[in-house]
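S.K.:
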Amino acid sequence: MEQESQLTRLGLFDARVPRYTSYPTAPHFSTEVGPSLFAEWIEAIPAGSQISLYMHVPFCRRLCWFCACRTQGTQSDEPVRAYAETLLAELKMLKERLAPGVTLSRLHWGGGTPTLMPADMMRRVAAAVFDAVPMGEGAEFSVEIDPNEIDAARMDALAESGLNRASIGVQDFDPQIQQVIGREQSYEVTKAAVDMIRARGIRSLNADILYGLPHQTPTKIAESVQKLLSLGPDRVALYGYAHVPWMARRQTMIPSDHLPTPQERLELFEVARKLFVADGYDEIGIDHFALPTDGLAVAQKAGRLRRNFQGYTDDLAEALVGMGASSISRFPQGYAQNASATGAHTGAIRDGHFSTARGHVFAGEDRMRARLIEALMCDFRVSTAELVTEYGADPAELSTLFRSCAAKFEDMVKVTAAGLEIPEKGRPLTRMIARHFDAYDLSKAGHSSAI
Numbered sequence: 002m003e004q005e006s007q008l009t010r011l012g013l014f015d016a017r018v019p020r021y022t023s024y025p026t027a028p029h030f031s032t033e034v035g036p037s038l039f040a041e042w043i044e045a046i047p048a049g050s051q052i053s054l055y056m057h058v059p060f061c062r063r064l065c066w067f068c069a070c071r072t073q074g075t076q077s078d079e080p081v082r083a084y085a086e087t088l089l090a091e092l093k094m095l096k097e098r099l100a101p102g103v104t105l106s107r108l109h110w111g112g113g114t115p116t117l118m119p120a121d122m123m124r125r126v127a128a129a130v131f132d133a134v135p136m137g138e139g140a141e142f143s144v145e146i147d148p149n150e151i152d153a154a155r156m157d158a159l160a161e162s163g164l165n166r167a168s169i170g171v172q173d174f175d176p177q178i179q180q181v182i183g184r185e186q187s188y189e190v191t192k193a194a195v196d197m198i199r200a201r202g203i204r205s206l207n208a209d210i211l212y213g214l215p216h217q218t219p220t221k222i223a224e225s226v227q228k229l230l231s232l233g234p235d236r237v238a239l240y241g242y243a244h245v246p247w248m249a250r251r252q253t254m255i256p257s258d259h260l261p262t263p264q265e266r267l268e269l270f271e272v273a274r275k276l277f278v279a280d281g282y283d284e285i286g287i288d289h290f291a292l293p294t295d296g297l298a299v300a301q302k303a304g305r306l307r308r309n310f311q312g313y314t315d316d317l318a319e320a321l322v323g324m325g326a327s328s329i330s331r332f333p334q335g336y337a338q339n340a341s342a343t344g345a346h347t348g349a350i351r352d353g354h355f356s357t358a359r360g361h362v363f364a365g366e367d368r369m370r371a372r373l374i375e376a377l378m379c380d381f382r383v384s385t386a387e388l389v390t391e392y393g394a395d396p397a398e399l400s401t402l403f404r405s406c407a408a409k410f411e412d413m414v415k416v417t418a419a420g421l422e423i424p425e426k427g428r429p430l431t432r433m434i435a436r437h438f439d440a441y442d443l444s445k446a447g448h449s450s451a452i
């Protein structure tokens, strides 16, 4: 109770802060980055190096009301097939600009609903990806699979194309909650999808579950977590539902008067967290859990945990290239985002150039602060020596930054001889503490609750 009182006083239940999957965050991107610069950054990727590739498929058979992703509904396969043809052309352009010997460390298909693609189109797209960038040693190929939108033919196509990590969205298994968030997906349907995945030898399974949904109670989230645990996921993302109807109009369908209070959100998170830990999962950063044998847990123990637009990752590739409408790329030089509208993206590719619409060129302290924030989000500590040696930070300025953070957050942070760390009791404040080191204007709309 005393800790909750302190968290309240420090503003945890009032703050709206970024998730910090990038720094600076996407609202700060500008039109300074366009197709030509994006192409230059691709061409600058060293020969023989490894990259990550993200491919966005912005279509769903139905639009879930809770979702704030860039998606559009379709009852026909024709728009999906037309979009896949655009991806094929985009991949060809990527291949033409990559240096020899570049291979993949990670490939992820997200959405939307990538499994909306027919089986034959999945095979064509996968073949085009590997023609442009072959899989490297130990590479992972993951796909977001909608249990409501998968069958044996499509699962065979993915498995035969090299899928070795599957990701499923659960959100919550309670029927009432599913109905009010527009995502009806029974445990039986979800288990059938998991059984298909396991039957084809897919060695790893990720799952997403949400807390902070309308009508969610500690009892209900406990039941959903226990059902999820029965499916044996290797890693789980426990995300807080972000109610941002001013950004995602479909969220106006969700009854905001039945959303839990910030204090209740924290309780929901704690109930779920304790269940995952009790079942043998390691805590990864602020909102992930993984079995001790999973790559995330191994990376965390080795100090190799990183953070990107998909959340936590063990991928160390310097470049993440995004294909498809609204995809964001990360390079050593900065960020680049494709046109968000499917039509604008398709038109650009048809005209023979990338659709890059905005981004950010790293300057000043961007790289140093990005690493500082990433280290806090991943390891709850930051090393002064690393920031000085790798990023040219001034030790005296870092010391001043750290002391000002400690003055603001009291004993929720600790300044040490090595740098700064967040003790366990302060970890609910991690995103707020990270925000303290954000040099950009924090008045941008769209940030989610701090818990």
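The numbering used here applies: residue 2 is where the sequence shown begins, and numbers increase by one.
Note that CB positions come from ideal geometry on N, CA and C, so glycine has one too.
Can you tell me whether DSSP reads residue 142 as helix, strand or coil?
M.R.: Reduced to three states, the DSSP call for residue 142 is strand.
S.K.: Residue 301 lies in the beta strand (DSSP E); which residues open and close that run?
M.R.: Residue 301 -> not in any beta strand (DSSP E); alpha helix (DSSP H) instead, spanning 296–303.
S.K.: Do you know offhand how far residue 269's Cα is from residue 438's?
M.R.: For residue 269 and residue 438, the distance between alpha carbons rounds to 28 Å.
S.K.: May I ask you to report which of helix, strand or coil DSSP gives residue 66?
M.R.: Here residue 66 sits in coil by DSSP.
S.K.: Considering only DSSP beta bridges, list what residue 360 is partnered with.
M.R.: Per DSSP, 31 and 337.
S.K.: At what residues does the beta strand (DSSP E) containing residue 191 begin and finish?
M.R.: Counting along the chain, residue 191 falls outside any beta strand (DSSP E), though it belongs to the alpha helix (DSSP H) covering 188–200.
S.K.: Whose C-beta lies closer than 7 Å to the C-beta of residue 440 among residues of the same chain, with five residues either side of it excluded?
M.R.: 366 and 370.
S.K.: Starting from residue 392, trace the beta strand (DSSP E) in both directions and tell me its first and last residue.
M.R.: Element bounds for residue 392: not the beta strand (DSSP E) but the alpha helix (DSSP H), 385–392.
S.K.: How is residue 165 classed by DSSP in three states: helix, strand or coil?
M.R.: Residue 165: coil per DSSP, three-state reduction.
S.K.: Who are the near neighbours of residue 200 in its chain, counting only those whose CB is closer than 6 Å to its CB and skipping five residues on each side?
M.R.: Contacts found: none.
S.K.: Between which two residues does the alpha helix (DSSP H) carrying residue 346 extend?
M.R.: Note, residue 346: alpha helix (DSSP H), 343–351.
S.K.: Helix, strand or coil: which one does DSSP assign to residue 433?
M.R.: Reduced to three states, the DSSP call for residue 433 is helix.
S.K.: Apply the 10 Å Cβ neighbour rule to residue 417 and answer buried if 16 or more other Cβ atoms are within range, or exposed otherwise.
M.R.: Burial call: exposed.
S.K.: What does DSSP give as the partner residue(s) for residue 329 in the beta ladder?
M.R.: 338, per the DSSP bridge assignment.
S.K.: Comparing alpha-carbon positions, which option in 164, 148 and 264 lies nearest residue 219?
M.R.: Checked all of 164, 148 and 264; the closest Cα to residue 219 is 264.
S.K.: Please state the DSSP three-state secondary structure of residue 310.
M.R.: Residue state, collapsed to three classes: coil.
S.K.: Within a Cβ cutoff of 7 Å, which residues of the same chain sit near residue 184, ignoring the five residues on either side of it in sequence?
M.R.: The answer, listed in chain order, is 65, 67 and 172.
S.K.: Could you check the C-alpha separation between residue 11 and residue 378 for me, to the nearest Å?
M.R.: Cα to Cα, residue 11 sits roughly 19 Å from residue 378.
S.K.: Thinking C-beta only, is residue 203 closer than 8 Å to residue 165?
M.R.: It is a contact, given that the beta carbons lie within the stated cut-off.
S.K.: Considering only C-alpha positions, which residue in the set 61, 188, 433 and 208 is nearest to residue 312?
M.R.: Comparing Cα-Cα distances from residue 312 to each of 61, 188, 433 and 208, the minimum goes to 208.
S.K.: Compute the Euclidean distance between the alpha carbons of residue 362 and residue 328, then round it to the nearest angstrom.
M.R.: Roughly 17 Å separates the two Cα atoms.
S.K.: Could you tell me which residues DSSP pairs with residue 205 in its beta bridges?
M.R.: According to DSSP, residue 205 bridges with 166.
S.K.: Using 8 Å for Cβ pairs, my map puts residue 221 next to residue 178. What's the rounded Cβ distance?
M.R.: The Cβ separation is near 7 Å, so the contact holds.
S.K.: Which residue marks the beginning of the beta strand (DSSP E) containing residue 51, and which one marks its end?
M.R.: It spans 51–58 - the beta strand (DSSP E) in which residue 51 sits, taken as one unbroken run.
S.K.: Whose C-beta lies closer than 7 Å to the C-beta of residue 385 among residues of the same chain, with five residues either side of it excluded?
M.R.: For residue 385, where only same-chain residues beyond five positions count, the Cβ hits under 7 Å are 396, 399, 419 and 420.
S.K.: Could you tell me if residue 45 is buried or exposed, where buried requires 16 or more neighbouring beta carbons within 10 angstroms of its beta carbon?
M.R.: Residue 45 comes out exposed.
S.K.: With residue 283 as the anchor, note down where its alpha helix (DSSP H) starts and where it stops.
M.R.: Unbroken run through residue 283 is the beta strand (DSSP E), 283–285; no alpha helix (DSSP H).
S.K.: Which of the three DSSP states is assigned to residue 452 in this structure?
M.R.: Three-state result, residue 452: coil.
S.K.: By Cβ distance below 6 Å, which residues in the same chain neighbour residue 298 in space, the five residues on each side in sequence not counted?
M.R.: If we look at residue 298 and ignore the five residues flanking it on each side, its Cβ neighbours are 283 and 291.
S.K.: How is residue 84 classed by DSSP in three states: helix, strand or coil?
M.R.: Note: residue 84 maps to helix in three-state DSSP.
S.K.: Enumerate in chain order the residues of its own chain whose CB-to-CB distance from residue 383 is below 7 Å, with the five nearest sequence positions on each side excluded.
M.R.: Cβ neighbours of residue 383 beyond the five flanking positions: 373, 376, 377, 420 and 421.
S.K.: CB residue 151 to CB residue 197, shorter than 8 Å?
M.R.: For residue 151 and residue 197, yes; Cβs fall inside 8 Å.
S.K.: Going by CA-CA distance only, name the one from 143, 278 and 43 that's closest to residue 230.
M.R.: Among 143, 278 and 43, the Cα nearest to that of residue 230 is on 278.
S.K.: What are the boundary residues of the beta strand (DSSP E) that residue 110 is part of?
M.R.: It spans 104–112 - the beta strand (DSSP E) in which residue 110 sits, taken as one unbroken run.
S.K.: Within 10 Å of its beta-carbon, does residue 267 have 16 or more other beta-carbons around it, so buried, or fewer, so exposed?
M.R.: Residue 267 is buried by the Cβ-count criterion.
S.K.: Enumerate in chain order the residues of its own chain whose CB-to-CB distance from residue 217 is below 7 Å, with the five nearest sequence positions on each side excluded.
M.R.: Here the set comprises 173, 178, 261 and 269.
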